[in-house]
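A.B. asks: Before we start, here is the structure in question, set down as structure tokens.
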Amino acid sequence: MIGATTLFGLSSVVLIGLGLFGLIVDPRPLRKILAFNLLGSGVFLLFGVIARRGAGAGLNSDPVPQALVITGLVVAFAATALAIALLLRLFQETGQATLDPEPSSSDAPAPSTDS
Amino acid sequence: MTGVLLAYRAIDTLLEAVVLLPALLGVWSLAPDRYWGGAPILRHSRPAGALTLFAQVLPPFGIIVGIYLCWNGADQPGGAFQGGAVLAAMWVLVLLAGLAEAPPVSRRGLRWLLIAGSAVFLIIGLAGIRLADAFLAYPAGYAKPFILTIELVLTLSIAVALGLLIAGPPARLPS
Numbered sequence: 014m015i016g017a018t019t020l021f022g023l024s025s026v027v028l029i030g031l032g033l034f035g036l037i038v039d040p041r042p043l044r045k046i047l048a049f050n051l052l053g054s055g056v057f058l059l060f061g062v063i064a065r066r067g068a069g070a071g072l073n074s075d076p077v078p079q080a081l082v083i084t085g086l087v088v089a090f091a092a093t094a095l096a097i098a099l100l101l102r103l104f105q106e107t108g109q110a111t112l113d114p115e116p117s118s119s120d121a122p123a124p125s126t127d128s
Numbered sequence: 036m037t038g039v040l041l042a043y044r045a046i047d048t049l050l051e052a053v054v055l056l057p058a059l060l061g062v063w064s065l066a067p068d069r070y071w072g073g074a075p076i077l078r079h080s081r082p083a084g085a086l087t088l089f090a091q092v093l094p095p096f097g098i099i100v101g102i103y104l105c106w107n108g109a110d111q112p113g114g115a116f117q118g119g120a121v122l123a124a125m126w127v128l129v130l131l132a133g134l135a136e137a138p139p140v141s142r143r144g145l146r147w148l149l150i151a152g153s154a155v156f157l158i159i160g161l162a163g164i165r166l167a168d169a170f171l172a173y174p175a176g177y178a179k180p181f182i183l184t185i186e187l188v189l190t191l192s193i194a195v196a197l198g199l200l201i202a203g204p205p206a207r208l209p210s
């Protein structure tokens with residue numbers, strides 16, 4: 014029987030691994046953004062576990078990693094919103110949400126010329 | 036939670052509130068020139084049925100939860116960011132259902148609302164240098180009213196900033 018801390022720690026490691034894998038392997042920008050968020054969630058969970066394990070005497074948890082997680086959440090949200098806005102703008106300009114210079118046959122309309 | 040953070044790690048919370056603004060500037064800067072000053076468009080492609088009902092029923096409860104989280108943040112889990120996020124979610128829901136329009140980004144009141152949280156925080160923090168001998172320190176006996184003032188304004192600013200971040204760059208011609 015493994016303890017809660019170990020279980021959460023392992024879960025966070027799985028999340029980080031999945032996120033890192035998706036970030037490296039999948040070329041589609043939206044998938045990369047999603048994978049990056051998955052990776053980030055894993056890191057936040059890991060920090061939660063660290064906060065619990067590093068608790069000082071008489072404290073439920075160490076507040077410093079928790080504060081870092083709260084800051085990280087805000088920054089991750091802001092960065093994700095900016096990344097999605099960039100991706101949408103790319104789609105508006107080129108008609109496709111990919112950075113691949115060779116559009117595959119399944120991709121929809123040709124690049125628009127106005128800008 | 037934010038109450039704890041405001042008292043002991045106020046600089047951290049201040050910078051978190053400020054970081055939303057450059058992110059919003061980045062999103063706004065993606066607007067095509069002709070739309071600058073107009074309103075963002077955030078609407079579900081088929082705003083009907085369940086979504087509309089949801090957007091009519093949920094916000095009253097969501098707003099109460101947001102205010103509760105903000106108020107509760109003084110000594111329990113909750114606070115400006117949590118409350119602001121819930122309020123922003125309610126706003127985004129109403130926008131998605133097409134029950135309201137996003138405001139034009141050039142509106143002056145909107146800009147003031149966006150910077151109000153950080154500005155009030157910074158002003159009270161700077162006043163702390165004179166009144167309590169340290170940046171972001173509160174004079175003895177006045178910590179509670181100061182923290183509540185900051186949390187209240189900060190919640191509104193955060194809610195507006197988060198909602199506008201999701202609404203995206205302006206996509207309507209300025210009127």
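The listed protein sequences correspond, in order, to chains V and Z.
Residues 14 to 128 (the numbering used here) are what the first sequence spells out, left to right.
Residues 36 to 210 (the numbering used here) are what the second sequence spells out, left to right.
Quick reminder that beta carbons are idealized off the backbone N, C-alpha and C, glycines included.
This one's a predicted model, so the numbers in the text were calculated from it and none came from an experiment.
1) Just the Cα atoms here: how many angstroms apart are Z:Gly114 and Z:Ser80?
2) Given V:Leu43, which residues of its chain have a CB within under 7 angstroms of its CB, disregarding the five upstream and five downstream residues?
3) I'd like to check one pair, Z:Pro67 with V:Ala98: are the Cβ atoms closer than 7 angstroms?
4) Is the shortest distance between the beta-carbon of V:Val87 and the beta-carbons of chain Z less than 7 angstroms?
5) Check whether the stretch 79–90 of chain V touches the stretch 53–60 of chain V, counting contact only when three or more Cβ pairs, one atom from each stretch, lie closer than 8 angstroms.
6) Could you check what DSSP says for Z:Pro180 in three-state terms: helix, strand or coil?
7) Indicate the three-state DSSP secondary structure (helix, strand or coil) for Z:Pro139 in the structure shown.
8) Just to check my reading of the structure: Z:Leu149 and Z:Ala196 have Cβ atoms closer than 8 angstroms, yes? What is that Cβ distance to the nearest angstrom?
9) Under 9 angstroms Cβ-Cβ, which residues of chain V neighbour Z:Val54?
10) How should Z:Trp147 be labelled, buried or exposed, when 16 other C-beta atoms within 10 angstroms of its C-beta is the threshold for buried?
11) Which residue marks the beginning of the alpha helix (DSSP H) containing V:Ile46, and which one marks its end?
12) DSSP three-state call for Z:Ile201: helix, strand or coil?
13) By the three-class DSSP mapping on this structure, what secondary structure does Z:Pro57 have?
14) Taking all protein chains shown into account, decide if Z:Ala58 is buried (16 or more other Cβ within 10 angstroms of its Cβ) or exposed.
15) What is the DSSP secondary structure of Z:Pro75, counted as helix, strand or coil?
16) Compute the beta-carbon to beta-carbon distance between Z:Arg207 and Z:Gly61, rounded to the nearest angstrom, for a pair I have assumed lies under 8 angstroms.
17) For a contact meaning CB atoms closer than 8 angstroms, what does V:Arg102 contact in chain Z?
18) From Z:Gln111 to V:Phe21, what does the alpha carbon distance come to, in whole angstroms?
19) Count Cβ pairs between the stretch 127–145 of chain Z and the stretch 174–186 of chain Z that sit closer than 8 angstroms; are there 3 or more?
C.D. replies: Per the coordinate set shown:
1) 34 angstroms
2) Leu100, Ala110
3) no
4) yes
5) yes
6) helix
7) coil
8) 6 angstroms
9) Thr84, Val87, Val88, Ala91
10) exposed
11) 42–66
12) helix
13) helix
14) buried
15) strand
16) Contact doesn't hold; Cβ gap of about 20 angstroms is too wide.
17) Leu65, Pro204
18) 24 angstroms
19) no
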